[in-house]
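Numbering (my numbering), first residue to last: 2 to 305.
Glycine included, each C-beta is placed from N, C-alpha and C at the ideal position.
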Amino acid sequence: SIADDFTQLEATINTALHQYGIEVLQQIGMKARLNDLRQQSEKLYQAMAPETRWRELHQQWQQLATQRCNKLQQLLHEQSTLLTQSLLADDASASLIDRSTAQIPLTQLSEAIQQQLWLPRFDTWLNDTGIALQNQLQQQGIRSAPFRAPLEKFTADSAAQCTETVQAELVHSTAKPGNVLQRGAYRLSGWLYGVLPLAAASWAAYHLISAFNSGISEGSPFLGTNFAIHSLLLIAIAWLIPWLLHRQLKPSLSAAARKGIANGVEAASENLKNALEEVWSEVSAKRQTLIDELDKISSASHDD
């Protein structure tokens, strides 16, 4: 009937209005959400700073990290000097004989480095360094939260790494004290003070035998007391001079230990700088990942 057809048509129209009305509302909601995503993306971009500004912040980070690590290197050097003064003898004041037999307490020195080189105030210094680096970023409008955990790990690991570096340099330096030329001259003088006296004694014996044969066969005068005295003096000089040189040229273990510790402190400072650079690189890598994700979101929102 006409009434039934009208009722069916009315129901169809209401259903269509309801369906398409919901779709329109959904589209409106989607657009609002995309607009919100764009706004959030722009805020995140601003929070992470553009590349030019990020490079400037990196340079400021490096400058402050270098200043702080150089100061810590000075403090470590002062502390290592106090340790070596009490454990290492001064070779310059030792006699030649004492210098040839001098020994240094390497084991005791290594234990002192392990237990006494790193002081609690150095931990405080590194902790303050991390705070200073974070404050520097905050003053430039950059969030410091991503740097906090890596900097805390840096502070916690630094003491063991520094002492291990100094100990390794100490072992390396004392394994071959002196430079190549000094070690070569030392070995040569040791060889000479064994060979030259034999050569001088052989020369004296040759002339003594020759003079004796000439005296028997030709009636020439035999060598007297003067020759014996001169020969003994020659042999003594041929032994004494190389022996003195050998003792004088002996590489100093104390000097090598001091040099090794100084090199270790310098290397430890460089390692700290590198570790702080790794902190920056770690956060930079995470920042770049976020930027890539934001680019994808921004591209998708503009496409829609």
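Item, Value
"I'd like the list of long-range same chain contacts for Leu235, defined as Cβ closer than 8 Å, with 5 residues on each side in sequence excluded.", "Ala201, Trp204 and Ala205"
"Should Glu170 go down as buried or exposed, given a rule of 16 or more other Cβ atoms within 10 Å for buried?", "buried"
"Return the CA-CA distance between Leu193 and Val266, expressed in angstroms with no decimal places.", "39 Å"
"Residues in its own chain within less than 6 Å of Ala160 by CB, not counting five upstream and five downstream?", "Trp119"
"What separation, rounded to the nearest whole angstrom, lies between the Cα atoms of Lys350 and Arg188?", "Any answer about residue 350 is impossible in this case: the structure gives the chain only from 2 up to 305."
"Can you tell me the Cβ-Cβ gap for Leu127 and Thr164, rounded? I've got them flagged as a contact below 8 Å.", "Their Cβ separation, rounded to whole angstroms, is 14 Å, which puts Leu127 and Thr164 out of contact at 8 Å."
"Where does Leu171 fall in DSSP's three states?", "helix"
"Kindly indicate which residue of Leu246, His173 and Lys274 has the alpha-carbon position closest to the one of Ser111.", "His173"
"Could you give the residue range of the alpha helix (DSSP H) that holds Asn128?", "Pro121 to Gln140"
"How should Gln139 be labelled, buried or exposed, when 16 other C-beta atoms within 10 angstroms of its C-beta is the threshold for buried?", "exposed"
"Which of helix, strand or coil does DSSP assign to Lys251?", "coil"
"Can you give the Cα-Cα distance for Ser87 and His78, rounded to whole angstroms?", "15 Å"
"Which residue wins for smallest C-alpha separation from Gly195, given the options Lys72, Glu271, Pro243 and Gln249?", "Pro243"
"Looking at Leu107: is its Cβ nearer than 8 Å to the Cβ of Trp62?", "no"
"Exposed or buried, which one is Arg69 when buried takes at least 16 other CB atoms within 10 Å?", "buried"
"From this set, Pro151, Arg144 and Leu73, which residue's C-alpha is nearest Asp124's C-alpha?", "Leu73"
"Determine the DSSP secondary structure at Ser145, reduced to helix, strand or coil.", "coil"
"Can you tell which of Gln168, Ser145 and Thr67 has its C-alpha closest to the C-alpha of Ala113?", "Gln168"
"Straight-line CA distance for Pro252 to His231?", "34 Å"
"Suppose contacts are defined by Cβ-Cβ distances below 8 Å. Is Thr166 in contact with Asn272 by that definition?", "yes"
"Per DSSP, what kind of secondary structure is Asn180 in: helix, strand or coil?", "coil"
"Measure the beta-carbon distance from Val284 to Pro147 and round it to whole angstroms, keeping in mind my assumption that it falls under 8 Å.", "5 Å"
"Cα separation between Leu241 and Leu199?", "13 Å"
"Cα separation between Ser190 and Leu76?", "41 Å"
"Would Ile143 pass as a contact of Leu65 if the rule is Cβ separation under 8 Å?", "no"
"Is the beta carbon of Ile238 closer than 8 Å to that of Ser81?", "no"
"Residues in its own chain within less than 6 Å of Ala257 by CB, not counting five upstream and five downstream?", "Ser174, Thr175 and Pro178"
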